[in-house]
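Visitor: This is the structure I have questions about; it appears just below.
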Ligand code: FES
Ligand SMILES: [Fe+2]
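Chains as they are written, first to last, in the numbering used here: chain U, 723 to 1148; chain W, -1 to 157.
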């Protein structure tokens, strides 16, 4: 059967049609072709520290349970009873040995196996429990990031992340030698399409405009650090829709430049840390507290964004949920983790000094893009001086739209060819 | 000297009225110097533990001042102009009274209007009030949103 809608007519190399944010048929296609056939981030390792731990979340629109079984293996299970479809778990997170459906009491193990069926004799021997486990998705993990997919045929997570992997490793240096752990989250929605948010974490261009009031609230040294548009940074296409935007080149590797002076805003923290740690370690921790100088966008739903994880979830064609997950040092000094939390609160979340202004801008894009017909959304910034690195990565200046072009290229591949995700990079 | 329920209600009603009418600089003066304004996420967290966990807001005097500057500065697109709000306080209960201080809990129902959209936030609010020389001050205001663990929308004003 022919699709009524051809995504190729909506997105090209350097522009997109405004209707990509509001076409419900396109959205349905995305939920299938993108969210069921790519690796979708579901959890961080620290969300499930021990056997028996579980969280509930979503893969696209599908409610899932992410659990760690007694052997320590992670499972991603559809949160849907095999009897008549009820969700089997409504807790955000917890610890237990089984999931018991509240409707008729079918009980499932942490690995999804159907263990118990009340009054099983009523099936006269026609129900084989082995045939009805919770439906399980494919799960793979890289450096603490846990991803799942419905698609058994797509390439391994390792191959999918590919050239993004070294950047994930750099991002995790925020543990300052300790493992990275999640420390709570800000969760909010905005009335707009998910791709508006996907674009934003690779958009340095907006920062000095939208975030004026945040810049007003920080000291001059920090203002200078965040004055990166027109600076030495860059955006680089990492393949498969992933990209990195380096805003502050000095903060790419948090273990470099350890002899650089401690910024004023961290002097107090450094002093407190000095009571327990040698000077070298103090500088490593302080640098880690400030976060990295880059946003790593992993198509389609995760960004490792300077000092936190940004996770998006489409709710409908014109509503998106965003989580800003705080991270810290698992086992690291409490004062340093608290400093991270206060920095997170300063910018992120519904009451931060940054997020509400971002949300306002995205809201405006959704509303404005409804005006007229056949008017392009421009994605061509930085194209004129875009170049290729030796490894083949395209790159351009920090405020270029290279990362958006990378994401839309992958979007198009996934949307136009069901096997595309498997073929790309093979 | 204890603080009576009426004196307490008078102060927190004044605070609510100031916030709804944009008198943010005057609002700052209602707080003690080391006072705390916090909007927690975790509904069960004790006040003394908020410092160790993530909140929507955990404001000392400096942060309160910055929040006010942001609202008045006209440089934030989500707060230029700020949302208009009407908040009602009710269901007052004195939890504790001591010499020169008290802890009071009440209900707050706030309606927000911005860009033609009305939004509502219900909250339990706990105040610790202190008598400072000649006047009463807010030493702690903890706003526990009913929906604190749900997805919120941008709140570019003071709850
Ligand atoms: S729907 Fe789950 S046991 Fe019946
Ligand atoms: Fe932003």
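Built from N, CA and C at the ideal position, the CB exists for glycine as well.
From the DSSP secondary-structure annotation, give me the bridge partner or partners of residue 1043 of chain U.
Guide: Residue 1043 of chain U is bridged to U/911 and U/1035.
Visitor: To which residues does DSSP link residue 150 of chain W through a beta bridge?
Guide: For residue 150 of chain W, which the question treats as bridged, DSSP gives the partners U/910.
Visitor: Classify residue 114 of chain W as buried or exposed, calling it buried when 16 or more other Cβ atoms lie within 10 Å of its own Cβ.
Guide: It is exposed - the Cβ of residue 114 of chain W has fewer than 16 other Cβ atoms within 10 Å.
Visitor: Starting from the N-terminal side, write out each stretch of the beta strand (DSSP E) that is 3 residues or longer and does not extend beyond the segment 1079 to 1146 of chain U.
Guide: Runs of the beta strand (DSSP E) inside the segment 1079 to 1146 of chain U: 1098 to 1100 and 1116 to 1119.
Visitor: May I ask you to report which of helix, strand or coil DSSP gives residue 893 of chain U?
Guide: Residue 893 of chain U: helix per DSSP, three-state reduction.
Visitor: According to a CB-to-CB cut-off of less than 8 Å, which residues of the segment 802 to 820 of chain U neighbour chain W?
Guide: Flagged, chain order: 814.
Visitor: Can you tell me the Cα-Cα spacing of residue 1119 of chain U and residue 936 of chain U, whole angstroms?
Guide: Their Cα atoms are separated by approximately 23 Å.
Visitor: Classify residue 1 of chain W as helix, strand or coil using the three-state DSSP reduction.
Guide: In this structure, residue 1 of chain W counts as coil in the three-state DSSP scheme.
Visitor: Please list the terminal residues of the continuous beta strand (DSSP E) segment that includes residue 166 of chain W.
Guide: The question about residue 166 of chain W has no answer, for chain W in this structure spans -1 to 157.
Visitor: Among residues of its own chain, excluding the 5 on either side of residue 1072 of chain U, which ones have a beta-carbon nearer than 6 Å to its beta-carbon?
Guide: Contacts found: 910.
Visitor: List, in order along the chain, the chain B residues whose C-beta lies closer than 7 Å to that of residue 154 of chain W?
Guide: Protein chains U and W are contained in the structure displayed, whereas chain B is not.
Visitor: Would you verify that the beta carbon of residue 980 of chain U is, or is not, closer than 7 Å to some beta carbon of chain W?
Guide: No, because no Cβ of chain W sits closer than 7 Å to the Cβ of residue 980 of chain U.
Visitor: Tell me, please, whether the segment 951 to 969 of chain U touches the segment 91 to 104 of chain W by the rule of three or more beta-carbon pairs shorter than 8 Å.
Guide: Counting Cβ pairs under 8 Å, fewer than three are found: no touch.
Visitor: Do we get a CB-CB distance below 7 Å when we pair residue 149 of chain W with the residues of chain U?
Guide: So, interface residue.
Visitor: Less than 7 Å between the C-beta atoms of residue 941 of chain U and residue 987 of chain U, yes or no?
Guide: Against a cut-off of 7 Å, the Cβ pair of residue 987 of chain U and residue 941 of chain U comes out as a contact.
Visitor: Under a CB-based cut-off of 7 Å, is residue 905 of chain U close to chain W?
Guide: Residue 905 of chain U counts as touching chain W.
Visitor: Could you check what DSSP says for residue 842 of chain U in three-state terms: helix, strand or coil?
Guide: If DSSP states are grouped into helix, strand and coil, residue 842 of chain U belongs with the helices.
Visitor: Work out the CA separation of residue 1015 of chain U and residue 949 of chain U for me, nearest whole Å.
Guide: About 12 Å.
Visitor: Any beta carbon from chain U within less than 7 Å of residue 159 of chain W's own beta carbon?
Guide: What the structure shows of chain W is the stretch from -1 to 157, and residue 159 of chain W is not part of that stretch, so it cannot be assessed.
Visitor: Quick one, are the C-beta atoms of residue 839 of chain U and residue 821 of chain U less than 7 Å apart?
Guide: It is not a contact, given that the beta carbons lie outside the stated cut-off.
Visitor: Just curious, the alpha helix (DSSP H) that residue 919 of chain U is in, first and last residue?
Guide: Counting along the chain, the alpha helix (DSSP H) containing residue 919 of chain U begins and ends at 916 to 922.
Visitor: Can you find a CB in chain U that lies within less than 7 Å of the CB of residue 216 of chain W?
Guide: Beyond the ends of chain W as shown, which are -1 and 157, falls residue 216 of chain W; an answer cannot be given.
Visitor: Put residue 1028 of chain U into one of helix, strand or coil per three-state DSSP.
Guide: In the structure shown, residue 1028 of chain U sits in coil (DSSP, three-state: anything other than H, G, I, E or B).
Visitor: At a CB-CB cut-off below 8 Å, which residues of chain W make contact with residue 1067 of chain U?
Guide: Correct list: 52, 53, 54, 55 and 56.
Visitor: Any beta-carbon of chain W closer than 7 Å to the one on residue 939 of chain U?
Guide: Yes - at least one Cβ of chain W is within 7 Å of the one on residue 939 of chain U.
Visitor: Compute the minimum distance between the beta carbon of residue 811 of chain U and the heavy atoms of ligand 1, and state whether it is under 6 Å.
Guide: False, no ligand heavy atom lies under 6 Å from that Cβ.
Visitor: Between which two residues does the beta strand (DSSP E) carrying residue 38 of chain W extend?
Guide: It spans 29 to 38 - the beta strand (DSSP E) in which residue 38 of chain W sits, taken as one unbroken run.
Visitor: Does residue 991 of chain U get closer than 7 Å to chain W when you measure Cβ to Cβ?
Guide: Not an interface residue.
Visitor: I'd like to confirm something about residue 750 of chain U: is its beta-carbon nearer than 6 Å to some heavy atom of ligand 2, or not?
Guide: No, since every heavy atom of ligand 2 falls outside the 6 Å radius drawn around the Cβ of residue 750 of chain U.
Visitor: What three-state label does DSSP hand residue 69 of chain W in the structure shown?
Guide: Residue 69 of chain W falls in the helix class under three-state DSSP.
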